[in-house]
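Going left to right, the sequence shown walks through residues 0 to 397 as numbering that gives the first Met the number 0 numbers them.
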Amino acid sequence: MVAPTPVAASSFPIASDARLAGDAKQTRFVLDLDKPVQFRAFALADPYRVILDLPQVSFRLAADIGSAGRGLVKSFRYGLVMPGGSRIVFDLTGPAKVAKSYVLEAANGQPARLVLELEEVDRTSFVQSLAPANRPELRPAIADANANAAAAPATVRPAPPPDTRPVIVIDPGHGGVDNGTQAAGEIMEKNLVLGFGLALRDRIEKSGRYRVVMTRTDDTFIPLGERVRIARSHSAALFVSIHADALPSNEGNARGATIYTLSEKASDAEAERLADAENKSDAIGGVSLADEPTEVADILIDLAQRETRTFSNRFARVLMGEMKNTVRMHKHPLKSARFRVLKAPDVPSVLVELGYVSNKGDLEHLVSENWRNRTVGSMALAIDAFFAKRPATTAPTK
Ligand SMILES: [Zn+2]
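Below is the structure:
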């Protein structure tokens, strides 16, 4: 992925406060800004949400500001959704429409304000109001950003020799508006797994044997389908998604790392619960699931996927063999379930839960640089072992 051009944080509009008012029939959201901004607001169904897309904004809001809802708004969250774009996602208590939305200039000692007025509607009129023109356009926007960056060099250079090294895609889970699981002291999964993913990239790039592609290198939301597309478009030889799990306190105190592969039927109830939780990422980030193409799901039953599945399972076993030497593993360290992010039919894919942020011992590991170095080292050994045993001719081809 192309890194966004760094822009001084101070040049972004600053959101300094946000508040909700009203009741279950009409609810108003107000965002205080240091200058007026352009915006776009639209509703999504299943679950009911309202999405507010803004240019990139520096949010300087109280940490728990979105957790307490009011009226039609159950809760809201915010974050970067792509380079140059921020998003606020409102979870609704039921169907509602954006009755009015406007920006007020600063006046009478009040800052500039963005106002959304939501009104309760019935399900039928809600569904009718979901015009296709109002759908999110994440994918084209990301493509444009990459195209612009790629077009930047003005001089024509001779094409470099083709890079035939295997491509490894590292996928730090969550990001931006989707925080993932959360531990005490505001430690968020999205930050833990990004730090881990970048350290893993640095380690495996050192050998020069692989080309590494990250699905994200900063705090940006990436839809699950986009992560799969990144792997497929690079004809990746391996896809490794990095996560850190949490258990509700009434469900015991599981600990240790777990390696997941894709299967139609979950290997156990915990794997099923986790896949459901991870698959919610798109809903959390404000993606309309109705827009996701079904192509990949249909190919799932294709024979072509069998080979990929064999490779995924083989890598999972090799990885467990290496990791168990250095890392505390879950008592059942190999599991499988329907993870949407593992559905590339032609890319061997695994999802690693590094540990449980809900477990005190695991959390101490997860934030320890020493632990991270050891774990990254054992994953790099597993990758070497996997590719050493694998004839080059079986690399996925397009
Ligand atoms: Zn996760």
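Note that beta-carbon positions come from the ideal geometry of N, C-alpha and C, so glycine has one too.
As the structure is a computational prediction, the values presented were derived from the model and not from experiment.
Which value, in whole angstroms, describes the spacing of the CA atoms of residue 72 and residue 358?
32 Å
Please state if the CB of residue 337 and the CB of residue 265 are separated by a distance shorter than 8 Å.
yes
Taking only three categories from DSSP, how would you classify residue 173?
Residue state, collapsed to three classes: coil.
Is residue 34 helix, strand or coil when you go by DSSP?
In this structure, residue 34 counts as coil in the three-state DSSP scheme.
Do the region 11-18 and the region 60-68 touch if we need at least three Cβ pairs shorter than 8 Å?
Enough Cβ pairs lie closer than 8 Å, so yes.
Would you call the region 112-132 and the region 166-184 touching, i.e. three or more CB-CB distances under 8 Å?
no
What does the alpha-carbon distance come out to for the pair residue 256 and residue 276?
17 Å
Tell me whether the region 86-103 and the region 190-207 touch, counting them as touching only if at least three CB pairs, one residue from each stretch, are closer than 8 Å.
no
Using a strict less-than 6 Å threshold between each residue's beta carbon and the heavy atoms of ligand 1, what residues do you get?
Checking every Cβ against the heavy atoms of ligand 1 under 6 Å gives 172, 173, 179, 188, 242 and 277.
Can you list, in chain order, the stretches of the alpha helix (DSSP H) that have 4 or more residues and sit fully within the region 44-109?
none
Please determine, among 27, 122 and 49, the residue with the shortest C-alpha to C-alpha distance to residue 287.
49
Same chain, Cβ closer than 6 Å to residue 143, five either side skipped, listed in chain order
Per-residue confidence for residue 143 stands at a pLDDT of 42, beneath the threshold of 50, marking its modelled position as unreliable; the derived number appears in the next sentence. Nothing listed; no residue qualifies.
Nearest to residue 244 (by Cα), restricted to the options 219, 231, 270 and 107
270
Pair within 8 Å by beta-carbon distance, residue 260 and residue 343
no
Please report how far the alpha carbon of residue 188 lies from the alpha carbon of residue 85, in whole angstroms.
20 Å
Which value, in whole angstroms, describes the spacing of the CA atoms of residue 242 and residue 181?
12 Å
Cα-Cα separation, residue 252 to residue 280
24 Å
DSSP state of residue 203 mapped onto helix, strand, coil:
helix
So, for residue 374: in the same chain, excluding its five sequence neighbours on each side, which residues have a beta-carbon less than 6 Å away from its beta-carbon?
326
In its own chain, which residues sit with a C-beta less than 8 Å from the C-beta of residue 380, not counting the 5 before and 5 after it?
321, listed in sequence order.
What residues in its chain sit with their C-beta under 7 Å from that of residue 370, if we drop five residues either side in the sequence?
Excluding its 5 nearest sequence neighbours in each direction, residue 370 has C-beta neighbours in its own chain below 7 Å: 364, listed in chain order.
Note down, in chain order, each residue of its chain lying with its Cβ closer than 7 Å to the Cβ of residue 222, except the 5 sequence neighbours on either side.
137, 281, 284 and 286
Assign residue 217 to one of three DSSP states: helix, strand, or coil.
coil
Inter-residue Cα distance where the pair is residue 79 and residue 219:
5 Å
So residue 246 is in the alpha helix (DSSP H); what residue range does that whole segment cover?
Careful: residue 246 lies outside any alpha helix (DSSP H) and carries neither H nor E.
Thinking C-beta only, is residue 31 closer than 8 Å to residue 110?
yes
Is the CB-CB distance between residue 168 and residue 235 below 8 Å?
yes
Just to confirm, is the Cβ distance from residue 54 to residue 36 under 8 Å?
yes
So, is residue 305 buried or exposed, given that buried needs 16 or more other C-beta atoms within 10 angstroms?
Here residue 305 is exposed: its Cβ has fewer than 16 other Cβ atoms, across all protein chains shown, within 10 Å.
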